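Asks: Okay, handing you the structure first.
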Amino acid sequence: MGDKPVSLPEQIVFPGVLSTAWAEEMQKFAAQNIVPRLWARDSSLWPAEQHQIPFIESNLRWLDLPEQIEQQISDVGQLARAVEQDGLDHLVVVSMGSSNLAIATLLRLPGAGAHPNLFLLDSADPDALRRLEANLPLDRTLFIVTNKSGKRMETHALLLYFLDKLKAAGIETPGKHFVAFTEPGSYLASLARAYKFRDAIFDPPGIAGHYSGLIHFGLFLTAVRRLDKAQVLAAILAMKNACGESTSIAENPAAVLASFLAAGERQGTKRLMFITGDELVSFAYRIAQLISNSTGNGRGLIPIFPHPPDRLKALQSGCLVVILTMQGQTQFPPQHSQQMRSLGIPLVEIQLQSPVQLASEIFKWEIATALFCVSLGVSCFHDTAEQTNRTAVTEHLENISVKRQRPLPAARLEDQGIALYAQGETRRSISGLNLRSALQTFLELRDAQGYLAIC
34 MGDKPVSLPE
44 QIVFPGVLST
54 AWAEEMQKFA
64 AQNIVPRLWA
74 RDSSLWPAEQ
84 HQIPFIESNL
94 RWLDLPEQIE
104 QQISDVGQLA
114 RAVEQDGLDH
124 LVVVSMGSSN
134 LAIATLLRLP
144 GAGAHPNLFL
154 LDSADPDALR
164 RLEANLPLDR
174 TLFIVTNKSG
184 KRMETHALLL
194 YFLDKLKAAG
204 IETPGKHFVA
214 FTEPGSYLAS
224 LARAYKFRDA
234 IFDPPGIAGH
244 YSGLIHFGLF
254 LTAVRRLDKA
264 QVLAAILAMK
274 NACGESTSIA
284 ENPAAVLASF
294 LAAGERQGTK
304 RLMFITGDEL
314 VSFAYRIAQL
324 ISNSTGNGRG
334 LIPIFPHPPD
344 RLKALQSGCL
354 VVILTMQGQT
364 QFPPQHSQQM
374 RSLGIPLVEI
384 QLQSPVQLAS
394 EIFKWEIATA
404 LFCVSLGVSC
414 FHDTAEQTNR
424 TAVTEHLENI
434 SVKRQRPLPA
444 ARLEDQGIAL
454 YAQGETRRSI
464 SGLNLRSALQ
474 TFLELRDAQG
484 YLAIC
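The numbering used here runs 33 ahead of the 1-based position in the sequence shown.
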């Protein structure tokens, strides 16, 4: 690359109606030395009980990943070459967590360089499994199993399923067809030893999955997308320097972004709309996951992913907009962007020059989200929503399957083999005529500023 400076993704903020609030947030960041304190690993930036401080300090090691990831990338590169030499030319990534969105992003990107036989398995759905198996020569397939703890039920089930398939196919050393991506000492690491996996690649311990984007994108960009390691690392370090403590708040892309998000949230905005092409929609989902898993306790933004809206005036009330594009890929019509600005809609436009910048861009969003949470007064390292939801689902399934308890009240109606449940005012307001009428009356209840969540 010579001495040519490494470019950063282009980021332009149009604060619109948030101009004053945005300026105030940036002044607060500067006055409270929030950025230097972040890089000094000051755990007091986020609220925490005394017993939670070591957990925050451990997670703050994510800031050191730009200097640590080079060895991991080199190790994975050597593994990729050894796999190819052994004739394993089909790759299946079995992932249900944050890393699956990194692979999904790479699969969506057009152009040369991607591994020709790469598949993502992020579902235990039998139909998805059958479709995948139809394209797999098992004797030439490597399964990459990713899970930090290794205790995720679906991942474990798929691992055992394909082990059995390889044994049934007469493959003498089925473990050689597996690689684990996990933390040291995890359950998956013990499985990798027990089944004699080809290799295990370890994440630095103590870093939450939603702050491990550099690992996911850095490794997969170089090993699967086959991008130049030096370029990826240079882009990451350039972003770290740009977001560092020596950069002024106004020139710091992460601080600018964080103060924009904080200004919107403090002014009552609850929706963060991502507008992007199909190529980057999985990447945008990864950013949304980061924000959602970092915020909580009634504070934060709700990411939404509509098609580019026809009625832009609908965005004027309670919505921040992020337009995310990559040079040479799908672009948002510039007249729509101009119209948003004229309407005063708070807007951020981000354009990546190439896939090389994906890892550095997710690192910027991680820094921005951590700073955003400082402003909100919430801890960004507690995966509260995900943990709460998993606990609730586990308890619900146990009540039904083991205790034979049905915690739900009587169904509002049953139609075509489907039971519909509702509670409170909703139960009284929806139609009991048939399923169609019930759903129609339910949707009519939606508040104009609300949203519909499908779990």
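Beta carbons: idealized from backbone N, C-alpha and C, even for Gly. These numbers come from a predicted model, not from an experiment.
(1) Given this structure, state the Cα-to-Cα distance separating residue 159 from residue 329, to the nearest angstrom.
(2) Give me the Cβ distance between residue 303 and residue 361, rounded to the nearest whole Å; I'm assuming they're in contact under 8 Å.
(3) If you follow the alpha helix (DSSP H) that residue 179 is in, where does it begin and where does it stop?
(4) Nearest to residue 405 by alpha carbon, out of 117, 293, 449?
(5) Alpha carbons only, please: which of 310, 230, 101, 98 is nearest the one belonging to residue 339?
(6) When you compare each of 260, 365, 80, 251 to residue 380 by their alpha carbons, which one comes out closest?
(7) Could you tell me which residues DSSP pairs with residue 212 in its beta bridges?
(8) If we count the other Cβ atoms within 10 Å of its Cβ and call it buried at 16 or more, is residue 216 buried or exposed?
(9) Is the beta carbon of residue 185 less than 9 Å from the beta carbon of residue 129?
(10) On the criterion of 16 or more Cβ atoms from any shown chain inside 10 Å, does residue 52 qualify as buried, or is it exposed?
(11) Do you know whose CA, among 375, 478, 391, 162, lies nearest residue 459's CA?
(12) Would a C-beta distance cut-off of 9 Å place residue 394 and residue 316 closer than the cut-off?
(13) Between which two residues does the alpha helix (DSSP H) harbouring residue 86 extend?
(14) Return the chain-ordered ranges of every alpha helix (DSSP H) run that is complete within the region 290–358 and spans a minimum of 4 residues.
(15) For a test of the three-state rule: what should DSSP assign to residue 522, helix, strand or coil?
(16) Taking only the alpha-carbon atoms, compute the straight-line gap between residue 476 and residue 107 and give it to the nearest angstrom.
(17) Are residue 43 and residue 384 touching if we call contact CB-CB under 9 Å?
(18) Where residue 165 and residue 152 are concerned, what is the direct C-alpha to C-alpha distance, given to the nearest angstrom?
(19) According to DSSP, is residue 382 helix, strand or coil?
(20) Tell me whether residue 480 is buried or exposed, calling it buried when 16 or more other Cβ atoms sit within 10 Å of its Cβ.
(21) Between which two residues does the alpha helix (DSSP H) carrying residue 221 extend?
(22) Can you tell me whether residue 164 is helix, strand or coil according to DSSP?
(23) Which of the three DSSP states is assigned to residue 407 in this structure?
(24) Hey, quick one: how far does the alpha helix (DSSP H) through residue 472 stretch, first residue to last?
(25) Would you mind working out which of 224, 196, 161, 212 sits nearest residue 183, comparing C-alpha positions?
(26) Here's the rule I'm using: 16 or more other beta-carbon atoms within 10 Å means buried, otherwise exposed. How should residue 336 be labelled?
(27) Can you list, in chain order, the residues of its chain with a C-beta nearer than 7 Å to that of residue 455? Leave out the 5 residues immediately preceding and following it.
(28) List the endpoints of the continuous alpha helix (DSSP H) containing residue 360.
(29) Within the same chain, show all residues whose beta-carbon is closer than 6 Å to that of residue 72, passing over the 5 residues directly before and after it, in chain order.
(30) Is residue 418 helix, strand or coil by DSSP?
(31) In three-state terms, what does DSSP make of residue 282?
Replies: So, to answer that:
(1) 34 Å
(2) Their Cβ separation, rounded to whole angstroms, is 34 Å, which puts residue 303 and residue 361 out of contact at 8 Å.
(3) Per DSSP, residue 179 belongs to no alpha helix (DSSP H); it is in the beta strand (DSSP E), 174–179.
(4) 293
(5) 310
(6) 365
(7) 177, 232
(8) buried
(9) yes
(10) exposed
(11) 478
(12) yes
(13) 86–92
(14) 314–327
(15) It is not possible to answer for residue 522, since the shown part of the chain is limited to 34 through 488.
(16) 52 Å
(17) yes
(18) 8 Å
(19) strand
(20) exposed
(21) 220–227
(22) helix
(23) helix
(24) 468–477
(25) 224
(26) buried
(27) 445, 463
(28) No alpha helix (DSSP H) holds residue 360; DSSP gives it neither H nor E.
(29) 278
(30) Reliability fails at residue 418, whose pLDDT of 46 lies under 50, so the model's placement of it is uncertain and the value that follows must be treated cautiously. Looking at residue 418 - three-state DSSP - the assignment turns out to be helix.
(31) helix
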